[in-house]
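Read through the structure below, which is laid out as structure tokens, and then see the notes.
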Amino acid sequence: MDLLLQNVSHHYGALEVMRDINLEIPAGRIVSIIGPSGCGKSTLLRFIGGLERPTSGQIVQVGEPPAGSLNPLTYVFQDFALLPWRTVEGNISLVLEDHGLSGAKSENIIADVLARTKLSDFRKALPKQLSGGMKQRVAIARALAVNPAVMLMDEPLSALDSQTRELLMDDLIALWARERFTAVYVTHNLQEAVRLGHVIVVLSRRPGTIREIVEIDRPLDERQMGDADLEKVQKQLWTLMREEAAAADQELIHA
Amino acid sequence: MLSPDTTQNGGTDQRTVRFRGGGFAPKSILWIGPVVFAVILVVWEVGTRLGLISTLTLPHPTDVLGTFADLWRTGLLWEHLLPSISRFLVGSAMGCTAGIAIGILIGLFSHVRAGLVPVVAAIFPIPKIALLPLFIIWFGIGEGSKYALIALGTFTPMVVATYGAVDNVDRTLIRMGQSFSLSWASIVWKVVLPGAMPGIFSGLRVSLAIGIILLVAAEMLGARHGVGAYILEAGSLYDLERLFAGVIILSVLGVTVSFLLGQVERRVLRWRA
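Shown next as structure tokens:
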């Protein structure tokens, strides 16, 4: 299933936050969206998943989601959004309970996603007992449990320290190598965008428009930390964004 | 630089950095409470025995204890306590259940909120005791008026606490539920309600304390048995020992309710850090 964004524009009252965004999200690829703070990248992600409506323009699904997908458009949130009163397995079963699966079937799904995210030993733990990285792995396991057609990731690593971030990036790449899932990955971190994105979309500051779309050919599993070519792309992106970021920073002072 | 020995360092002054952190972190010190109680009792006993405190103003603690023992022996204690406990339980169960239900409706539906919040705000400041004569006309002099008084008194604080608690449920958790296409009922039942539990429990604490106060007020008007009736009778006979015995029963009732609630809260809110 592909996604198409057609002429997406958005206003908050008189404030224009997004102007005429056209974008294709092809199946099986990770699209990174980067941009300075306040450019509306998280808002754009909420449009894509139907949590908010743009003032004009539309999001179109091309083709059917794969059979057995319980929730085709599935989010991974920056702050994990785990229910603190449910254990790890309880948080995952939460998103399965409304689908009328048999007990054995949802038990299989839970065991499978926990194994894939290396959480099998922590089934009965409560979120408060887990580190930030573990919490986000639970959120990723929860997203995998509904077998999404597209994963919508809203700064999933931004609340984590840089070492945990590295580890989780490796995990995400390993997961992608197995599943070839489609993802939209919103981040302000250039390094993450370059490591994880097949395509990198650079948004301008408010009103957000697409400034540039950069494709990276190198396969995900061959990208290493400190790769010279990737560093070059990252630098190129930074030159693109630098002025925008500086201007966006100034804007906040007037806001 | 790091040498602790000042003389070794070319005469440059060295001193340990002054500690200025600490404090502002309540610790649980279990023995102080009972000791304070004991000291008060001893001062009181000695004071009344020596005549420093007139027995017209305060009875001897030991006499109060004696009265209490009499109450126990004659079975009068249960004759007064059981009706009180049952009035408290029935009245506050009605008030709190209704309060939680209305509070949740206000929290979930804007129309209900717009309609009922002003009504609750209007009822809240009315001293419910003032309505007791009215309740006696409406519900009779029997148990009905007492239930109604306690129920109304616990209802309003429970409504306010509950809708505040629902308002405070983390919106990102609700968005998460929507993003996984959970049904509306699932979101309310599995996200909103558990999320509102901490606020509901603090509302219960306030409401149940108000319930005990109103229980006594209700029993002072038109009750033959009950702790309130017992205290009123002792007061009009100026029987200080019995008056104090009654007050102590109320204190113990309050502490017990608060302890039991704390136990339930610890179980239900185990997930909290």
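Note that the protein sequences, when read in sequence, are chains R and F.
Residue 957 is where the first sequence starts when you use the working numbering, and the numbers rise one by one after that.
Residue 599 is where the second sequence starts when you use the working numbering, and the numbers rise one by one after that.
Where is the CB? At the ideal position from N, CA and C, for every residue including glycine.
Residue i bridges to which residues according to DSSP?
| i | result |
| --- | --- |
| VAL1157 of chain R | R:ILE989, R:ILE1169 |
| SER1012 of chain R | R:SER965 |
| ALA1139 of chain R | R:ILE986, R:MET1107 |
| ASP958 of chain R | R:VAL1018 |
| GLY1164 of chain R | R:MET974 |
| ILE981 of chain R | R:LEU959 |
| THR1030 of chain R | R:MET1107 |
Nearest by alpha-carbon distance to residue i: which of the options is it?
| i | options | result |
| --- | --- | --- |
| LEU1026 of chain R | R:GLU1008, R:ASN1047, R:GLU1053, R:PRO1010 | R:GLU1053 |
| LEU975 of chain R | R:ALA1184, R:ARG1162, R:ALA1204 | What sits at residue 975 of chain R in the sequence shown is Arg, not Leu. When each option's Cα is compared against that of ARG975 of chain R, the closest is R:ARG1162. |
| VAL767 of chain F | F:VAL855, F:VAL637, F:LEU806, F:ALA794 | F:ALA794 |
| MET692 of chain F | F:PHE857, F:LEU859, F:THR752, F:GLU831 | F:THR752 |
| THR665 of chain F | F:VAL845, F:ILE748, F:PRO796 | F:VAL845 |
| ALA1203 of chain R | R:LEU1193, R:SER965, R:GLY994, R:HIS966 | R:GLY994 |
| ASN978 of chain R | R:LYS1188, R:GLN1180, R:GLY1182, R:GLY1164 | R:GLY1164 |
| ALA1095 of chain R | R:PHE1036, R:ASN963, R:SER1087 | R:PHE1036 |
| ALA983 of chain R | R:LEU1001, R:GLU1020, R:GLU1207 | R:GLU1020 |
| PRO681 of chain F | F:GLY824, F:LEU841, F:ARG865 | F:GLY824 |
| GLN1014 of chain R | R:LEU1152, R:GLY1153, R:LEU960 | R:LEU960 |
| SER805 of chain F | F:ASP765, F:LEU791, F:MET756, F:PHE778 | F:MET756 |
| GLN776 of chain F | R:LEU1124, R:ASP1185, R:GLU1008 | R:GLU1008 |
| ARG803 of chain F | F:LEU835, F:VAL789, F:THR854, F:VAL790 | F:THR854 |
| LEU706 of chain F | F:GLN861, F:ARG864, F:VAL789, F:SER800 | F:VAL789 |
| LEU674 of chain F | F:ALA843, F:ALA728, F:ILE798, F:THR610 | F:ALA843 |
| ASN963 of chain R | R:VAL1016, R:VAL1051, R:ARG1121, R:LEU1176 | R:VAL1016 |
| SER1118 of chain R | R:GLY1006, R:GLU1148, R:GLU1187 | R:GLU1148 |
| ILE1048 of chain R | R:PRO1175, R:ILE986, R:PHE1078, R:ILE990 | R:PHE1078 |
| VAL814 of chain F | F:GLY797, F:LEU848, F:ILE772 | F:LEU848 |
| ILE808 of chain F | F:LEU747, F:LEU830, F:ASP765, F:LEU867 | F:LEU747 |
| LEU1001 of chain R | R:HIS966, R:GLN1180, R:LEU1070 | R:HIS966 |
| GLU1200 of chain R | R:GLU1187, R:SER1160, R:LYS1074, R:ASP1177 | R:SER1160 |
| VAL758 of chain F | F:PHE778, F:LEU703, F:ALA728, F:SER781 | F:LEU703 |
| MET957 of chain R | R:GLY991, R:PRO1022, R:SER988, R:TRP1194 | R:PRO1022 |
| VAL1044 of chain R | R:LEU1029, R:SER1087, R:SER1012, R:THR1030 | R:SER1087 |
| VAL1158 of chain R | R:GLU1135, R:LEU1108, R:ARG1198 | R:ARG1198 |
| ILE700 of chain F | F:LEU654, F:LEU838, F:ILE798, F:ARG822 | F:ILE798 |
Starting from residue i, find everything on chain R with Cβ-Cβ shorter than 8 angstroms and list it in chain order.
| i | result |
| --- | --- |
| PRO792 of chain F | LEU1039, TRP1041 |
| GLN861 of chain F | Ordered by position in chain R, no residue passes the 8 angstroms Cβ test against GLN861 of chain F, which lies about 18 angstroms from the chain. |
Could one say the Cβ of residue i lies closer than 8 angstroms to chain R's Cβ atoms, at least one of them?
| i | result |
| --- | --- |
| PHE799 of chain F | no |
| THR604 of chain F | For THR604 of chain F, the predicted model reports a pLDDT of 49, less than 50, meaning its position is unreliable; a value from the coordinates is still stated below. No, THR604 of chain F does not count as interfacial toward chain R. |
| ARG773 of chain F | yes |
| ARG864 of chain F | no |
Give a yes or no on whether 8 angstroms exceeds the smallest Cβ distance from residue i to chain F.
| i | result |
| --- | --- |
| ASN978 of chain R | no |
| VAL1103 of chain R | For clarity, residue 1103 of chain R is Asn in the given sequence; the question names Val instead. By this cut-off, ASN1103 of chain R is not an interface position. |
| ILE1065 of chain R | no |
| LEU1050 of chain R | yes |
| THR1030 of chain R | yes |
Using a C-beta to C-beta distance shorter than 9 angstroms, which residues of chain F count as neighbours of residue i?
| i | result |
| --- | --- |
| GLU1053 of chain R | LEU780, SER784, LYS788 |
| ASN1027 of chain R | SER777, PHE778, SER779 |
Taking C-beta pairs closer than 7 angstroms, name the residues in chain F that residue i reaches, listed in chain order.
| i | result |
| --- | --- |
| ASP1035 of chain R | THR770 |
| GLY1005 of chain R | SER777 |
| LEU1082 of chain R | TRP869 |
Rounded to whole angstroms, how far is the Cβ of residue i from the Cβ of residue j, which I believe are closer than 8 angstroms?
| i | j | result |
| --- | --- | --- |
| LEU1131 of chain R | ARG1072 of chain R | 7 angstroms |
| TRP869 of chain F | LYS1084 of chain R | 7 angstroms |
| LEU1152 of chain R | LEU1128 of chain R | 6 angstroms |
| ILE1169 of chain R | VAL1155 of chain R | 6 angstroms |
| PRO1104 of chain R | PHE1137 of chain R | 7 angstroms |
| LEU1106 of chain R | VAL1051 of chain R | Checking the sequence shown, residue 1106 of chain R turns out to be Val, not Leu. In fact, because the Cβ distance is near 16 angstroms, the residues do not count as touching under 8 angstroms. |
| ILE990 of chain R | THR1143 of chain R | 6 angstroms |
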